[in-house]
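S.K.:
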Amino acid sequence: MDMQNENTQRQPLLSDSNDEVDIPEQQFPTYGDKFTVREKLLAFACFFLFIGMCLFAYLFQVQGGGHHHGSSMDMSTLDKSLCSDDHCISTAAHIIQSVNTTVNPCDDFHAYTCGNEVTTGQFSNEHRVLEYIRLNILDPFRRKINMSAEVNQQFNKLDQFYDSCIHRNVSNLTSLNSVLYQLDSIYNITSPRHQSSDLAEALGYLATHDIFPFFRLEVVQNVQNASNYILSIQQAGVTLPSIASYQSNDSVNDFRHNVMKTLSILSAYGVHVGQGIDLAVWADQLVGIESRLANVSEAPEQLYLSKATALPRPIEDINSLVPSMDWQKYFGVAINNSPEYVSLGTPEYLQKLEEILLVEKRAVIHSYLTWHVLLTFANEMPMEARFAIRNIHGDIVFEENNLCETQTASLFSSLIGSHFPSVDEQLNELLQSIFHDIKVTFALSLSKIGWMDRPTIGYAIRKLESLNLEVGNPYARNQTMSPNTSWHTYYQDLIVTNNYLENAIRARQWEYMSKMALLNRTIDQNTWPISPQDTLIHYEPITNKIYLPTGVVFSDPSSEPDYLMYSRIGVQIAEQMIKACDELGSQFNYEGQMKSWWSSITKDAYSARRHCLESETSMASLAWVLRQHASMHIAHKAWSQRLKDGTSTRIQEIPGTLANLGPEKIFYIANGLLNCQKPGAWLNDAVAYDRAFLRVYQCKPSKLCAAVWA
1 MDMQNENTQR QPLLSDSNDE VDIPEQQFPT YGDKFTVREK LLAFACFFLF IGMCLFAYLF
61 QVQGGGHHHG SSMDMSTLDK SLCSDDHCIS TAAHIIQSVN TTVNPCDDFH AYTCGNEVTT
121 GQFSNEHRVL EYIRLNILDP FRRKINMSAE VNQQFNKLDQ FYDSCIHRNV SNLTSLNSVL
181 YQLDSIYNIT SPRHQSSDLA EALGYLATHD IFPFFRLEVV QNVQNASNYI LSIQQAGVTL
241 PSIASYQSND SVNDFRHNVM KTLSILSAYG VHVGQGIDLA VWADQLVGIE SRLANVSEAP
301 EQLYLSKATA LPRPIEDINS LVPSMDWQKY FGVAINNSPE YVSLGTPEYL QKLEEILLVE
361 KRAVIHSYLT WHVLLTFANE MPMEARFAIR NIHGDIVFEE NNLCETQTAS LFSSLIGSHF
421 PSVDEQLNEL LQSIFHDIKV TFALSLSKIG WMDRPTIGYA IRKLESLNLE VGNPYARNQT
481 MSPNTSWHTY YQDLIVTNNY LENAIRARQW EYMSKMALLN RTIDQNTWPI SPQDTLIHYE
541 PITNKIYLPT GVVFSDPSSE PDYLMYSRIG VQIAEQMIKA CDELGSQFNY EGQMKSWWSS
601 ITKDAYSARR HCLESETSMA SLAWVLRQHA SMHIAHKAWS QRLKDGTSTR IQEIPGTLAN
661 LGPEKIFYIA NGLLNCQKPG AWLNDAVAYD RAFLRVYQCK PSKLCAAVWA
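Per full-length UniProt numbering: the sequence shown ends with 710, consecutive numbering throughout.
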């Protein structure tokens with residue numbers, strides 16, 4: 001299919017009076033004509049009329065008292081009644097608690113918005129979902145409310161796992177030592193055996209525990225055949241939150257310090273962390289090999305694109321990329337057979353990994369493997385060790401007060417999802433309306449971003465036409481996990497005891513085997529890629545659909561003010577919609593087939609725009625900043641247009657002192673609260689590119705480069 005001409009075969013999704021029109025070339029005279037007296041008089045008249053209009057505008061502005069809190073919308077004609085339901089009161093109270101009014105939002109919007117939100121996390125969807133699970137699923141089970149015998153059997157395992165966590169003995173780390181001793185028996189640093197076979201067996205053994213140093217095994221949808229799964233091999237195995245962190249001496253030194261601290265704590269608890277090696281040497285070896293791995297690893301943005309577009313390749317390809325690895329041994333241990341095809345999202349990384357494996361000493365690799373076992377079970381460790389690991393990477397270690405709920409909800413997500421509330425029709429209609437508004441706004445903005453040519457814009461609009469939103473997982477309650485598998489029997493092979501660490505180890509083994517079992521199954525097209533209780537909206541390029549799980553919206557009533565719905569839900573929808581047309585989305589056509597549709601002109605213009613942005617935004621955050629800025633801008637514009645069109649008057653003020661801020665400022669605050677866990681510079685960069693934000697908060701522009709999507 002010719003992607004560049006395909007858009008000419010059908011009318012565009014939107015017609016706008018501002019759309020560009022092809023104008024035939026005209027021949028204009030090149031000689032210097034003399035102006036007539038009438039033309040000169042008309043020119044002078046126009047000039048004085050213009051001066052008069054400017055003077056009138058200035059006097060009107062002075063008369064009106066200057067800026068209206070940075071807002072260009074007239075709110076006086078809209079319904080501004082007080083929203084007094086429990087949800088609005090709770091939201092208002094939390095925003096008031098979080099916002100730090102001593103900070104200038106133009107200087108540091110993250111510090112202004114978040115206040116103590118970083119430590120509380122109460123505004124996050126994750127917190128709300130965990131509260132719901134605790135109050136409405138776990139507690140009713142303990143009181144045996146409306147539970148059948150079959151459901152009871154499944155919930156008994158869930159309850160036993162949860163109780164083993166609540167009453168865990170963090171000083172009993174015998175089960176962890178069992179894994180480490182088994183690793184030593186396979187990959188002993190004093191063994192004279194050939195390293196290729198030993199390392200392959202050790203990595204295969206760790207894979208069965210869902211532990212992936214060096215590279216990760218995943219089961220993904222085949223981009224060439226959407227009805228089948230395929231085994232994917234991707235880069236993995238670095239601890240710090242970003243590849244760029246390994247280029248900072250301060251980050252590396254902190255890493256080394258906290259590794260030594262963790263090892264010292266665990267040694268005191270009797271954990272087998274080494275074979276007579278000095279802990280300082282141990283830490284140096286680990287930091288050294290991870291720094292070398294980071295140096296050959298792809299950045300998250302490129303990895304995201306590589307993983308999603310990787311084509312199936314014969315298993316022989318991986319043998320040629322990393323010949324020092326005994327792949328037959330590895331797959332035999334990891335999945336009990338050898339696949340014919342694999343998806344290699346990062347072949348360049350694997351090729352460079354080969355060079356590292358050939359020169360690294362056996363003791364260094366052993367330290368590295370041991371560390372990743374410890375890291376995997378960080379949440380099951382004594383509190384002192386957990387704090388040390390949190391200092392290395394905060395996302396690895398869960399909050400103590402939510403640890404057991406988080407672990408239980410993750411392991412039993414399918415069971416909990418089948419009892420999670422569905423989205424009612426009224427809320428579904430509102431979400432579909434927001435989706436439509438954002439789609440229209442985004443489509444209209446494409447002609448103004450400046451780097452897409454007309455054929456690419458036409459195809460992007462066609463893809464947006466085909467893009468659909470599914471809400472609330474309508475298949476969650478059909479009690480089917482996959483063909484011929486009911487969730488009533490889904491957990492039958494999961495063994496749960498009263499020992500929490502032992503349960504955690506067995507849970508990882510069970511989860512890994514459950515994923516690998518998908519390789520022998522056909523994909524059920526009715527199966528969602530996410531669980532109902534998930535709290536993130538998801539775009540799937542193979543289906544060209546956006547999936548909005550109940551967990552995103554179940555605590556947001558459809559009666560709340562629109563500016564809160566658009567700031568929290570609308571921005572997330574816009575972010576996923578952008579993915580349909582960005583570097584990843586451009587690799588898949590509107591039918592979900594892997595066919596590139598960006599023109600070469602568009603690719604070059606996009607690269608030039610990004611090159612400028614890279615000079616003023618860190619590479620670690622650039623992809624997130626671009627999508628976050630654009631999604632805020634598009635959602636805000638869609639909401640503004642909704643007000644201008646009179647589609648909605650749900651502009652109620654929320655209680656308390658926030659009424660003085662106005663809806664537009666609260667729009668940005670409410671969205672900012674969802675991103676408090678991000679580094680402050682990320683959110684600050686995102687709003688700095690947003691013209692509407694600068695206007696609303698009356699900030700001076702600080703960025704020289706033009707943004708990509710808005």
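Even glycine gets a Cβ: it sits at the ideal position worked out from N, Cα and C.
My assumption, with CB atoms under 8 Å, is that A605 sits in contact with W451. Please give the rounded CB distance.
M.R.: With a Cβ gap of about 4 Å, A605 and W451 count as contacting.
S.K.: Classify K545 as buried or exposed, calling it buried when 16 or more other Cβ atoms lie within 10 Å of its own Cβ.
M.R.: buried
S.K.: Could you spell out where the beta strand (DSSP E) holding R313 opens and where it closes?
M.R.: Its beta strand (DSSP E) spans residues P312 to P314.
S.K.: Assign I669 to one of two classes, buried (16 or more other C-beta atoms within 10 Å of its C-beta) or exposed (fewer than that).
M.R.: buried
S.K.: Buried or exposed: which applies to S297, given that a residue is buried once 16 or more other Cβ atoms fall within 10 Å of its Cβ?
M.R.: buried
S.K.: Report the start-end ranges of each beta strand (DSSP E) in the stretch 231-259 that is 3 residues or longer and not cut off at the edges.
M.R.: none
S.K.: Return the CA-CA distance between S621 and W682, expressed in angstroms with no decimal places.
M.R.: Their Cα atoms are separated by approximately 6 Å.
S.K.: Given this structure, state the Cα-to-Cα distance separating Q407 from G345, to the nearest angstrom.
M.R.: 29 Å
S.K.: Taking the straight line between their C-alpha atoms, what separation do you get for Q652 and C83?
M.R.: 5 Å
S.K.: Count the other CB atoms within 10 Å of the CB of G115; is the residue buried (16 or more) or exposed (fewer)?
M.R.: buried
S.K.: When the distance is taken between beta carbons, is C88 closer than 8 Å to E560?
M.R.: yes
S.K.: Can you check which of these residues, L584, T101 and L350, is closest to N318 by C-alpha distance?
M.R.: At residue 318 the sequence reads Ile, which differs from the Asn that was named. Taking the Cα of I318 as reference, the smallest distance to any Cα among L584, T101 and L350 is reached at L350.
S.K.: To which residues does DSSP link L548 through a beta bridge?
M.R.: Answer is V471, bridged to L548.
S.K.: Return the chain-ordered list of same chain residues with a C-beta closer than 6 Å to the C-beta of V471, the five sequence neighbours on each side being excluded.
M.R.: V423, N428, L431 and L548
S.K.: Going by DSSP, which residues form a beta bridge with V220?
M.R.: Answer is I230.
S.K.: Run through DSSP, which three-state label would V342 get?
M.R.: strand
S.K.: Per DSSP, what kind of secondary structure is L82 in: helix, strand or coil?
M.R.: strand
S.K.: Within 8 Å, do at least three Cβ pairs link the stretch 264-271 to the stretch 323-336?
M.R.: no
S.K.: Y697 by DSSP, collapsed to three states: which one?
M.R.: coil
S.K.: Could you tell me the distance, in whole angstroms, from the CA atom of Q456 to the CA atom of T262?
M.R.: At residue 456 the sequence reads Thr, which differs from the Gln that was named. Their Cα atoms are separated by approximately 52 Å.
S.K.: Let me know the secondary structure DSSP gives T527 once reduced to three states.
M.R.: In the three-state DSSP reduction, T527 falls in the coil class, being neither helix nor strand.
S.K.: Helix, strand or coil: how does DSSP classify F60 here?
M.R.: Confidence in F60 is poor, its pLDDT being 37 and thus under 50, which makes the residue's placement unreliable; the coordinate value appears in the next sentence. Of the three classes helix, strand and coil, the one that applies to F60 here is helix, per DSSP.
S.K.: Run the CB neighbour count on P213, radius 10 Å, all protein chains shown included, and call it buried at 16 or more, exposed below.
M.R.: buried
S.K.: Given a cut-off of 8 Å on the beta-carbon distance, is the pair S567 and F442 in contact?
M.R.: no
S.K.: Can you grab the Cα-Cα spacing for the pair A93 / G656, in whole Å?
M.R.: 8 Å
S.K.: Output yes or no for whether 8 Å exceeds the beta carbon distance between F554 and Y132.
M.R.: yes
S.K.: Going by CA-CA distance only, name the one from S607, C705, D437 and F141 that's closest to D645.
M.R.: D437
S.K.: Spatial neighbours of P701 within its chain, please: CB distance less than 7 Å, with the 5 preceding and 5 following residues excluded, ordered by chain position.
M.R.: Excluding sequence neighbours, P701 sits near L694.
S.K.: L293 CB to nearest chain D CB: under 8 Å?
M.R.: No chain D is present in this structure, which holds just one protein chain.
S.K.: Cutting at 7 Å between CB atoms, please list the residues of its own chain near W709, excluding the five before and the five after it.
M.R.: I449, I578, L626 and A630
S.K.: What residue range is occupied by the uninterrupted beta strand (DSSP E) comprising Y539?
M.R.: From DSSP, the beta strand (DSSP E) with Y539 extends over H538 to E540.
S.K.: Among the residues of its own chain, which have a CB less than 7 Å from the CB of Q235, if the five just before and after it don't count?
M.R.: By the criterion of a C-beta distance shorter than 7 Å, Q235 is surrounded in its chain by F215, S297, E298, L303, T346 and Y349, once the five residues flanking it on both sides are discounted.
S.K.: May I ask you to report which of helix, strand or coil DSSP gives T602?
M.R.: helix
S.K.: So, is Y563 buried or exposed, given that buried needs 16 or more other C-beta atoms within 10 angstroms?
M.R.: Y563 comes out buried.
S.K.: Considering only C-alpha positions, which residue in the set N295, Q154, L444 and E425 is nearest to L411?
M.R.: Among N295, Q154, L444 and E425, the Cα nearest to that of L411 is on Q154.
S.K.: Just list the residues that DSSP pairs F215 with in beta bridges.
M.R.: Q235
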